[in-house]
Amino acid sequence: MISAHSPAVSASRAKRWGSFFYAEQVLRVMRGYGWSVFLYSVGQPVAYLFAMGIGLASLVDANSAAVFGGVNYLTFIAPALLVSSAVMTASGDFSYPIMDGFKWRRVFYGPHASPLVPQQIAAGHIMASALKFLVQSLVYFAIVAMFGASPSPWGWVSAIVATVAGLSFGLPLMAYASTITKDSGQFALVQRFIVVPLFLFSGTFFPLDSLPLAVRWIGWISPVWHGTQLGRVFTYGLEENPLLTLTHVLFLVGAAAAGWTLTRRQFARRMGA
Amino acid sequence: MHNEATRSFSTSASFQMNPPAVITAENLTKSYGELVAVDGISFEVPAGESFGLLGPNGAGKSTTMKMIGGVSQRTSGKLSIMGLDPETHGPEVRAHLGVVPQQDNLDEELKVRENLIVYGRYFGLPLSYLRPKADELLEFAQLTDKAKSRVDALSGGMKRRLTIARSLINEPKILLLDEPTTGLDPQARHILWDRLFRLKEQGVTLILTTHYMDEAEQLCDRLIVVDKGRIMAEGSPASLIREYSTREVLELRFGSERNATIGVELAGVGERVETLPDRVLIYADDGESALEQVSARRLRPLTSLVRRSSLEDVFLRLTGRSLVD
Chain A
1 MISAHSPAVS ASRAKRWGSF FYAEQVLRVM RGYGWSVFLY SVGQPVAYLF
51 AMGIGLASLV DANSAAVFGG VNYLTFIAPA LLVSSAVMTA SGDFSYPIMD
101 GFKWRRVFYG PHASPLVPQQ IAAGHIMASA LKFLVQSLVY FAIVAMFGAS
151 PSPWGWVSAI VATVAGLSFG LPLMAYASTI TKDSGQFALV QRFIVVPLFL
201 FSGTFFPLDS LPLAVRWIGW ISPVWHGTQL GRVFTYGLEE NPLLTLTHVL
251 FLVGAAAAGW TLTRRQFARR MGA
Chain B
1001 MHNEATRSFS TSASFQMNPP AVITAENLTK SYGELVAVDG ISFEVPAGES
1051 FGLLGPNGAG KSTTMKMIGG VSQRTSGKLS IMGLDPETHG PEVRAHLGVV
1101 PQQDNLDEEL KVRENLIVYG RYFGLPLSYL RPKADELLEF AQLTDKAKSR
1151 VDALSGGMKR RLTIARSLIN EPKILLLDEP TTGLDPQARH ILWDRLFRLK
1201 EQGVTLILTT HYMDEAEQLC DRLIVVDKGR IMAEGSPASL IREYSTREVL
1251 ELRFGSERNA TIGVELAGVG ERVETLPDRV LIYADDGESA LEQVSARRLR
1301 PLTSLVRRSS LEDVFLRLTG RSLVD
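Line by line, the protein sequences are chains A and B. Using the working numbering, the first residue of the first sequence is number 1, and each one after it goes up by one. Using the working numbering, the first residue of the second sequence is number 1001, and each one after it goes up by one.
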């Protein structure tokens, strides 16, 4: 008959590894619908790359190749689609599931009664989602590479860039989601008025500077634009001012870090720590 | 080596004499803005005791449980669980506890057995321990044949038993149960009580809140009656009944119109007469002879019933209100 280790051991392990313990739970739940995650991460890029890269690209390339920095249209949009896909996944993972954890099925309150602290529950959710973004982005990148749309040997780094871009959009959203006590359609509004404009006006399908100044600012504050430009640096060696490249990195990491900090604070406040 | 042995001997000797308190609350208070949910309550729970908080909804029972469970911070007062302050040692305190919340929060997307294993991981327990332990607990909760079912396929009583099984995964010495059987049918409640009684026999300290007097009588060695955040009385179920009620109660129904006015005509029967909207209660040590006195006065109740006093009567006496509204 084996018995449990002492409460003191439980407490010290939970203090050190608690975030990973919770991440493990989230991953187990994800495994339950692993197939749909896989199909989404493979099916979506294939559909987009075919439609945009083969269909639209044949028109675009025939007319205005020079606009896209000397690369073909498929190569131009591939990093953008990669980043957009991660951001869209993030807009799902960091909205409704947070509401679910606090309110609908209250899944955050199970671990809350264990030695875990609210900040670790938040961190576990974030880490599991980040791993999902990374796997999804790597699959996406592999398909992009198969289409021959990543000429640079550093192209794979764009999968990491996409993951960080997903977090830089998702974590501020998570901080907001964790303040919501009553669902009155906020997330649908976020989809319609934030996610979609970011997708359209972030230099995704055409360079940002072809837009009038009046809407160009959307790109400047958009994780999709910063992630896309950075991805382009890695997949085909987009030439831009190194300071601008650094700005992309700082923006993405900064937004993710700020979102994480606010999320931790809100989780602790809401769960009464 | 020798010292160690002597010390452990003296510890177990003192345990026999006077078990040390595992939970101590002193002037515990919790307010939410203007609202004072818990208003300066003090109690001690020795190891192995089954301790109840009995009171109506909104009495402050759950708030007290959350403070003990280290998930809600007190406004003032002192609280110690296994000698630790849950405010400064939350993870350490929670590592000692098993918690059954008022509302089930099982992971409906995971299978029954997986719920137990995942929960055990929060305590850093290895899978080599958790796999056999999960099977043992499923057996205990009579859910072995549901091990691979999804949680949303379980009945209310089964979910409750799974929540209790989950709370035992770390082999806690203290189990907090917040309204463990609310919303269950009588049969499911009896199965649950039986399981809780077994835990008590194994020496687990049970802290439970309930607004069911029968549950309190079945499970609690000692309880506090709580109303509006304050302790109204404290003692074993039997001693509370002895102190605040008579041995028997005669319940009479005269119909809703006469109930209100009959009190005057019943004056002097038994020790005390309590008029409720639907019935009249006569507190007497001998219910049958009280009923004879009522008949002698030519009062004809529609129905009459003699029963033993319960905690419900204690609560009524203390607060002037029923437990379940």
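Just so you know, even glycine gets a beta-carbon here, dropped at the ideal spot from N, CA and C.
By the Cβ criterion, the stretch 1065-1083 of chain B is in contact with the stretch 1025-1039 of chain B, since at least three pairs of Cβ atoms, one from each stretch, lie closer than 8 Å. Within chain A, the C-beta atoms nearer than 7 Å to that of residue 1094(B) come from 113, 114, 115, in chain order. Separation of residue 1054(B) and residue 1172(B) (C-alpha to C-alpha, rounded to the nearest whole angstrom) is 23 Å. Residue nearest to residue 262(A) within the set 179(A), 71(A), 2(A) is 179(A) (criterion: CA-CA distance). As far as DSSP is concerned, residue 28(A) takes part in no beta bridge. The closest CA to that of residue 236(A), considering only 70(A), 38(A), 57(A), is found on 70(A). With respect to chain A, the C-beta atom of residue 1133(B) has a partner C-beta closer than 9 Å. Residue pairing for residue 1283(B): DSSP places it in a beta bridge opposite 1249(B), 1272(B). When Cβ pairs closer than 8 Å are counted between the two stretches, the stretch 37-46 of chain A is seen not to touch the stretch 159-175 of chain A, the count staying below three. Under the DSSP assignment, residue 1210(B) falls outside any alpha helix (DSSP H), being part of the beta strand (DSSP E) whose first and last residues are 1205-1210. Rounded to the nearest whole angstrom, the C-alpha separation of residue 26(A) and residue 142(A) is 25 Å. Any Cβ of chain B closer than 9 Å to the Cβ of residue 271(A) would place that residue at the interface, and such an atom is present. Judged by DSSP secondary structure, residue 218(A) falls within the alpha helix (DSSP H) whose first and last residues are 213-220. In the three-state scheme derived from DSSP, where H, G and I count as helix and E and B as strand, residue 1173(B) is classed as coil. Close to chain A, meaning a Cβ-Cβ distance shorter than 7 Å, are the following residues of the stretch 1071-1103 of chain B: 1071, 1072, 1073, 1090, 1091, 1092, 1094, 1095, 1096, 1099, 1101, 1103. For residue 1233(B), the uninterrupted beta strand (DSSP E) run begins and ends at 1230-1235, by DSSP. If you look at residue 1024(B), you'll find it in the beta strand (DSSP E) that goes 1021-1032. Residue 1091(B) is classed as buried because its beta carbon has at least 16 other beta carbons within 10 Å across all chains shown.
With the rule of 3 Cβ pairs closer than 8 Å, the stretch 187-201 of chain A does not count as touching the stretch 117-126 of chain A. Residue-level contact by beta carbon fails for residue 53(A) and chain B, as no gap is shorter than 9 Å. Per the Cβ contact rule, the stretch 1055-1063 of chain B is in contact with the stretch 1209-1217 of chain B (3 or more Cβ pairs under 8 Å). Against chain B, a Cβ distance below 8 Å from residue 21(A) picks out 1121, 1122, 1124. Under the 10 Å beta carbon count, residue 94(A) is surrounded by 16 or more other beta carbons and is classified as buried.
By the beta-carbon neighbour count (other beta carbons within 10 angstroms, threshold 16), residue 1303(B) is exposed. Across the structure, residue 1147(B) and residue 1110(B) are spaced so that their CA atoms are roughly 11 Å apart. Between the beta-carbon of residue 74(A) and that of residue 62(A) there is about 13 Å, and that puts the pair past the 8 Å contact cut.
Non-local C-beta neighbours of residue 1037(B) in its own chain, meaning closer than 8 Å and more than five positions away in sequence, comprise 1030, 1031, 1060, 1063, 1229, ordered along the chain. Against residue 123(A), chain B offers no close residue; the least beta-carbon distance is about 13 Å (beta-carbon pairs closer than 9 Å).
Against chain A, the beta carbon of residue 1129(B) has neighbours under 9 Å at 2, 3, 4, 5, listed in chain order. Contiguous alpha helix (DSSP H) elements confined to the stretch 4-64 of chain A occur at 7-32, 34-48, 57-64, taking only those with 4 or more residues.
In the three-state reduction of the DSSP assignment, residue 1044(B) falls in the strand class, which pools E and B.
Residue 1222(B) sits in a strand when the DSSP states are folded into three classes.
Take residue 1022(B), set aside five residues on each side of it, and the residues of its chain with a beta-carbon closer than 8 Å to its own are 1045, 1046, 1047, 1081, 1082, 1173, 1174, 1205, in chain order.
Collapsing the DSSP output to three states places residue 1068(B) in a helix.
Every beta strand (DSSP E) stretch that sits fully inside the stretch 1077-1128 of chain B and reaches 3 residues is listed by chain position as 1097-1100. Contact annotation: in the stretch 1103-1117 of chain B, residues whose CB is within less than 8 Å of a CB in chain A are 1103, 1105, 1106, 1107, 1108, 1109, 1110, 1114.
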